[in-house]
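Novice: Can you keep this structure in mind? I'll have questions shortly.
Residue numbers (this note's numbering): 1082 to 1154.
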């Protein structure tokens, strides 16, 4: 079982989209992870969020065929 060191749940209100805030937060998160010896960032996204997927790919994330599971408690 893997327990991540950090977790970030990012979602922006439509008013604030396409202004660079999300890109800035993710880039800062990547920078922070690198300085804290993290070797991988895992990102989960709803399969219907095609626009978000393009955004993540622009930031260097690669698609994979793994399936994520969550449990709301």
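All C-beta atoms, glycine included, are put in the ideal place defined by N, C-alpha and C.
1. Do you know whose CA, among 1133, 1095, 1140, lies nearest residue 1109's CA?
2. Of all the options 1098, 1095, 1143, which has the alpha carbon lying nearest to the alpha carbon of residue 1123?
3. Find the nearest neighbour of residue 1151 within the set 1145, 1127, 1138, judged by alpha-carbon distance.
4. Would you decide whether residue 1107 is buried or exposed? Buried here means 16 or more other CB atoms lie within 10 Å of its CB.
Specialist: The short version:
1. Closest option to residue 1109, Cα to Cα, is 1140.
2. Selection 1098, 1095, 1143 evaluated against residue 1123 yields 1143 as nearest (Cα-Cα).
3. Measuring from the Cα of residue 1151, the nearest candidate turns out to be 1127.
4. Residue 1107 is buried by the Cβ-count criterion.
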